[in-house]
Every structure is written in C-alpha cells, then in structure tokens.
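S.K.:
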Amino acid sequence: MRTVLMIVSAILFATGFANAQESTDNTEKGLSVPRFVSLRSNHINARSGPGTRYPIEWVYMQASAPVEIIAEFELWRKIKDWQGSESWVHKSMLAGKRFVKVVAPGENNIYAKDDYKAKVIAKVEDEVIGEIKKCPVNNSFCLLQFDSISGWMPRQNLYGIYPDEIID
Numbered sequence: 031m032r033t034v035l036m037i038v039s040a041i042l043f044a045t046g047f048a049n050a051q052e053s054t055d056n057t058e059k060g061l062s063v064p065r066f067v068s069l070r071s072n073h074i075n076a077r078s079g080p081g082t083r084y085p086i087e088w089v090y091m092q093a094s095a096p097v098e099i100i101a102e103f104e105l106w107r108k109i110k111d112w113q114g115s116e117s118w119v120h121k122s123m124l125a126g127k128r129f130v131k132v133v134a135p136g137e138n139n140i141y142a143k144d145d146y147k148a149k150v151i152a153k154v155e156d157e158v159i160g161e162i163k164k165c166p167v168n169n170s171f172c173l174l175q176f177d178s179i180s181g182w183m184p185r186q187n188l189y190g191i192y193p194d195e196i197i198d
C-alpha cells in the first residue's frame, strides 16, 4: 500500500510539474513576432539552431542589449541583433524589459527635450545601451535612461524600437 501511495504521489507531482511548465510557456502566447526584447545576462550562447545539439556560433557578452525575436520554436527564440546576425537562444536568456543600442557612429547628443534645438545635456558613444522610458506617439524622439542621465534621443539613431512604436 505504501508503494502504491508513493507511485501515485510521484505521478501527481510529475503531472503538476508538467502543467506548471505548460502554464509558464503559455504566458507568451499571443505576443507578436517580430518583437524586441533584451539579453538577460553577460554570457549567452547563440546557436545555429533551436536546441543544445546545435553548435554555438558565438557568445553574447552584453547584458541588456536589445535583440529582435524573429521566430519561435518551443522554448527557443531566433533572434536578430543590431548588426543583422541571426541565431537561436533559449527563451530564459531573454527579458521583456526594453533597451536600445545607439547605432549612429561617433558621439551622439542627449537632449533635455524632444527637440534638436533643445539643450544638449550629455553625449554618448555608439553601441552604448540605454533603457527606454518613453517613445510618445507622433514623435521622432525617445526618452532614455543611461545610468544617472535621462534625456531624449532621435529614434533613427537607435536599435531596439520600431519606427512607429509607442511606449508610454
């Protein structure tokens, strides 16, 4: 009797665990593809296909860098980075928090307001990552946070936001 009870408990536990995994994966149902996300850590293996059996093509080493999900397969996401490279990463290596990468070469102005005539409050180099705070409707600028500096930059200088995307 004790053995039967242990087997039944094990089956119920395994079934509950499987259902918990399914419900976790269901939280992403309905999200559009393509969409922008960010890298969760400073060491992410980028693979040639959706699974650990595929070889690692390179390793991403910049947490919070924006990437675009362009395809999904089970727990794997095909991503495109700011240089156009495509690879597969496990979905646990991605975060929904939105960041952008400055892609205009050289020094880029950060403005006090969403206007080229506004005061320049700081400058950032290309490839710097900033957190998106707001990208208003009908505006060619986004409000970004770079460490302790908050200011406005033109969308055209950024990778990680669609041209007409609104973030409030």
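Our numbering puts the first residue of the sequence shown at 31, with every later residue one more than the last. The beta-carbon is built from N, C-alpha and C at its ideal position, and this holds for glycine as well.
#1: Could you pull out every unbroken beta strand (DSSP E) segment of at least 3 residues lying fully inside the region 137 to 179, listed in chain order?
#2: In the DSSP assignment, what are the bridge partners of Asn72?
#3: Would Asp156 pass as a contact of Val132 if the rule is Cβ separation under 8 Å?
#4: Between the beta-carbon of Ile74 and the beta-carbon of Tyr90, is there less than 8 Å?
#5: Do the CB positions of Ser94 and Glu87 come within less than 8 Å of each other?
#6: By the three-class DSSP mapping on this structure, what secondary structure does Arg65 have?
#7: If you draw a straight line from the alpha carbon of Pro96 to that of Leu69, how long is it in whole angstroms?
#8: DSSP on Lys127, reduced to helix/strand/coil?
M.R.: Taking the definition as stated:
#1: 137 to 141, 150 to 155, 159 to 164 and 171 to 176
#2: As a first step, residue 72 is located in the sequence shown; it is residue number 42 there, counting from the start. Asn72 pairs with nothing; no bridge assigned.
#3: Counting from one through the sequence shown, the residue named residue 156 turns up at place 126. Counting from one through the sequence shown, the residue named residue 132 turns up at place 102. Yes, the Cβ-Cβ distance between Asp156 and Val132 is below 8 Å.
#4: Walking along the sequence shown from the start, residue 74 turns up at place 44. Walking along the sequence shown from the start, residue 90 turns up at place 60. Closer than 8 Å, so yes.
#5: On the sequence shown, residue 94 is found 64 positions in, with the first residue counted as 1. On the sequence shown, residue 87 is found 57 positions in, with the first residue counted as 1. Not closer than 8 Å, so no.
#6: Counted from its first residue, the sequence shown places residue 65 at position 35. Shown here, Arg65 sits in a strand according to DSSP, grouped into three states.
#7: For this step, residue 96 is matched to residue 66 along the sequence shown. For this step, residue 69 is matched to residue 39 along the sequence shown. Cα to Cα, the separation comes out at about 6 Å.
#8: Here residue 127 refers to the residue found at position 97 of the sequence shown. Here Lys127 sits in coil by DSSP.
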